[in-house]
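Reviewing the structure listed below.
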Amino acid sequence: MSSTAVLGCAWGDEAKAKIVDVLAKDADYIIRFQGGNNAGHTINLKDKKYVFHLIPSGILYPDKICLIGSGVVIDPFELLAEIDDLNKQGISFENRFFIDPRAQVVLPLHKELEGKAETDNKKSNIGTTKRGIGPCYADAVARYGIRVGDLFNHEFLRERIENIFHFHNYPLSKADDLIEKLTISAKRLKPFVKQIPYLLNNVENKNLLFEGAQGTLLDITFGTYPFVTSSHTSYGGIATGTGFSLNIDKVFGIYKSYYTRVGNGPFPTELFDKIGEKIRIQGNEFGATTGRPRRCGWFDAVAAEYAAMINGIDEIALTLLDVLSGIKTLKICTGYEIDGKLVTEFPFNSKTLEKVVPQYIELQGWDKDISLLTEYDELPERAKIYISKIEELVGRNVTIISVGPERGQTIFR
11 MSSTAVLGCA WGDEAKAKIV DVLAKDADYI IRFQGGNNAG HTINLKDKKY
61 VFHLIPSGIL YPDKICLIGS GVVIDPFELL AEIDDLNKQG ISFENRFFID
111 PRAQVVLPLH KELEGKAETD NKKSNIGTTK RGIGPCYADA VARYGIRVGD
161 LFNHEFLRER IENIFHFHNY PLSKADDLIE KLTISAKRLK PFVKQIPYLL
211 NNVENKNLLF EGAQGTLLDI TFGTYPFVTS SHTSYGGIAT GTGFSLNIDK
261 VFGIYKSYYT RVGNGPFPTE LFDKIGEKIR IQGNEFGATT GRPRRCGWFD
311 AVAAEYAAMI NGIDEIALTL LDVLSGIKTL KICTGYEIDG KLVTEFPFNS
361 KTLEKVVPQY IELQGWDKDI SLLTEYDELP ERAKIYISKI EELVGRNVTI
411 ISVGPERGQT IFR
């Protein structure tokens, strides 16, 4: 048995789904371990675009089993809508898709709470997707949450719903309607519910692929707090989000060839000029979940090395290299200047990060369209130099290079 993890190493949107889709060919199980339908994973396959929010990207392979671990928060109505949409496209879920009963349930009140918080909290607006993810995780920690397994015990479900409504001063008059809808959803979800820890720890001679959502710099503990997501997006989230007890054999860190961020929060290498706009257009940098334009900037080796360190990254998958074609001069941030002092450690404080003056090295760009290349040796020499410099600064080898959204637009070293 082998196990592989695919982890985003920036602020999300690193094209993880593309890499998961490529690696899933050799996997038997693909497992989501954190986040919710605030994730937007896009895969282009045979001129068709698929966007996944909760379901693991490996579902496109008909012989793979896809799992949602206990660390994921699930909006049952959105999940069923996603299943129905994929069913219409000929994708079967029977005996190949399972959910852990410990996963928390996102309720309509969670969306209302998050929307209100984002509207009211003007000074530290996080810029969330307003999908109710944060309030759901908060209720889980406060022990007021509803879990998937609760949906199948009507009396206990009522008790839990009334409890959480009381906690949030939410009108009990809405409880009956919600319980009825959840009960209907539960009937459809029941065939998919299975204890994931037992499944994962008892399989033999199977290859496991763990699929991260969002990115390391959005981790609730190690990210740019408070401008983060509400789950553990880094390596540690795999164990707590699935119950898998063994070490992961190989950890792929997914990095864009440049950096992006959606929502608010510090972004040291952000570009506000024509080059930033060029990257946004060429990279189609608009959120799969919200449609919001992403903020774009240069590759940040300080943040990249930090993410590699805390995740124990073994190898790098460098994505969207093709987007940089045609840019005359490329920059990589190699250090931070803060209050006149040179710093090479990633700050733990967002206020400090806001004061960063990035220190850059410049590299010559290339003009050649590389989107149809399939061999490393075919890349322009300047593209190879750019890759080598990232390897040097991050201290990890780049073994996968993505030059387009399709499976075939992938170079292996």
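First residue of the sequence shown: 11, per my numbering; consecutive thereafter.
No residue lacks a Cβ here, since even glycine has one placed at the ideal position from N, Cα and C.
Top-ranked residue by Cα proximity to residue i, from the options
| i | options | result |
| --- | --- | --- |
| Arg-198 | Ala-223, Phe-232 and Leu-161 | Leu-161 |
| Asp-95 | Pro-111, Ala-127, Phe-62 and Ile-230 | Phe-62 |
| Val-367 | Leu-382, Phe-356 and Glu-347 | Glu-347 |
| Ser-102 | Ile-69, Ala-317 and Ser-195 | Ile-69 |
| Lys-378 | Gln-369, Gly-275, Asn-274 and Leu-389 | Leu-389 |
| Leu-281 | Leu-119, Arg-305 and Ile-410 | Arg-305 |
| Phe-166 | Ile-143, Leu-192, Asn-179 and Pro-181 | Leu-192 |
| Phe-422 | Thr-409, Gly-414 and Val-413 | Thr-409 |
| His-51 | Leu-89, Asp-23, Lys-74 and Leu-373 | Asp-23 |
| Tyr-269 | Ile-289, Gly-251, Leu-383 and Gln-205 | Ile-289 |
| Asn-212 | Leu-331, Phe-254 and Leu-188 | Phe-254 |
| Arg-417 | Ile-53, Ser-12 and Phe-107 | Ile-53 |
| Glu-214 | Leu-256, Ser-195 and Thr-239 | Leu-256 |
| Phe-356 | Pro-86, Ala-313, Ala-393 and Asp-349 | Ala-313 |
| Tyr-265 | Ile-400, Lys-184 and Leu-209 | Ile-400 |
| Ile-206 | Ile-109, Ile-291 and Glu-391 | Ile-109 |
| Thr-234 | Asn-294, Gly-275 and Glu-92 | Gly-275 |
| His-178 | Asn-407, Thr-384 and Glu-124 | Glu-124 |
| Gln-44 | Leu-209, Val-82 and Gly-405 | Val-82 |
| Asp-324 | Ile-395, Gly-100 and Gly-405 | Gly-405 |
| Ser-360 | Asp-187, Phe-232 and His-176 | Phe-232 |
Proximity below 8 angstroms, CB of residue i to CB of residue j
| i | j | result |
| --- | --- | --- |
| Gly-225 | Ala-49 | no |
| Gly-46 | Leu-64 | yes |
| Ile-230 | Ser-241 | yes |
| Leu-55 | Val-261 | no |
| Ala-27 | Ile-258 | no |
| Thr-7 | Gly-375 | The first residue shown for the chain is 11 and the last is 423, placing residue 7 beyond what the model contains. |
| Phe-202 | Ile-41 | no |
| Val-151 | Pro-111 | no |
| Ile-285 | Ile-337 | yes |
| Gln-309 | Gly-273 | One point to set straight first is that residue 309 is Phe, not Gln, in the sequence displayed. No. Outside cutoff. |
| Lys-35 | Tyr-60 | no |
| Ile-136 | Val-116 | no |
| Arg-106 | Ile-75 | yes |
| Thr-138 | Glu-122 | no |
| Asp-31 | Ser-80 | no |
| Val-413 | Leu-373 | no |
| Ser-335 | Ile-380 | yes |
| Ala-185 | Glu-172 | yes |
| Asp-387 | Lys-365 | no |
| Lys-200 | Met-11 | no |
First through last residue of the alpha helix (DSSP H) which encompasses residue i
| i | result |
| --- | --- |
| Lys-28 | 26-33 |
| Thr-362 | 360-364 |
| Tyr-147 | 143-151 |
| Ser-412 | Taken as a continuous stretch (DSSP letters only), Ser-412 belongs to no alpha helix (DSSP H), being part of the beta strand (DSSP E) at 407-412. |
| Val-312 | 311-321 |
| Lys-399 | 391-404 |
| Gly-418 | Looking at the DSSP string, Gly-418 is not in any alpha helix (DSSP H), and its letter there is neither H nor E. |
| Ala-196 | 185-199 |
Cβ-based burial, residue i [other Cβ within 10 Å; buried from 16]
| i | result |
| --- | --- |
| Ala-25 | buried |
| Asn-321 | buried |
| Pro-278 | buried |
| Val-333 | buried |
| Val-358 | Residue identity check: residue 358 is Phe in the sequence provided, not Val. The residue is exposed, with fewer than 16 neighbouring Cβ atoms inside 10 Å. |
| Pro-145 | buried |
| Gln-419 | buried |
| Tyr-39 | buried |
| Tyr-245 | buried |
| Lys-351 | exposed |
| Thr-252 | buried |
| Lys-427 | Past the boundaries of the shown model lies residue 427; the chain is included only from 11 to 423, so the question cannot be answered. |
| Glu-315 | buried |
| Glu-190 | exposed |
| Cys-302 | The sequence given here places Arg at residue 302; Cys does not occur at that position. Label assigned to Arg-302: exposed. |
| Ile-342 | buried |
Whole-number beta carbon distance between residue j and residue i, since they are thought to touch under 8 angstroms
| i | j | result |
| --- | --- | --- |
| Ile-371 | Thr-344 | 6 angstroms |
| Ala-113 | Ile-78 | 6 angstroms |
| Ala-311 | Leu-403 | 4 angstroms |
| Tyr-180 | Leu-119 | 5 angstroms |
| Gly-263 | Ala-196 | Their Cβ separation, rounded to whole angstroms, is 38 angstroms, which puts Gly-263 and Ala-196 out of contact at 8 angstroms. |
| Ile-29 | Ala-327 | 5 angstroms |
| Tyr-154 | Ile-174 | 5 angstroms |
| Leu-331 | Ser-267 | 5 angstroms |
Closer than 7 angstroms: residue i CB and nearest the ligand GTP heavy atom
| i | result |
| --- | --- |
| Ala-27 | For the structure depicted, the ligand GTP is absent and the ligand set is empty, with no information on it obtainable. |
Start and end residues, beta strand (DSSP E) containing residue i
| i | result |
| --- | --- |
| Ala-15 | 12-18 |
| Tyr-497 | The shown model of the chain, from 11 to 423, leaves out residue 497, and the question about it has no answer. |
| Phe-220 | 217-221 |
| Leu-55 | 51-55 |
| Pro-368 | 367-374 |
Residue-level contact to chain E via CB, residue i, 8 angstroms cutoff
| i | result |
| --- | --- |
| Trp-376 | Considering every chain present, this structure includes no chain E. It has just one protein chain. |
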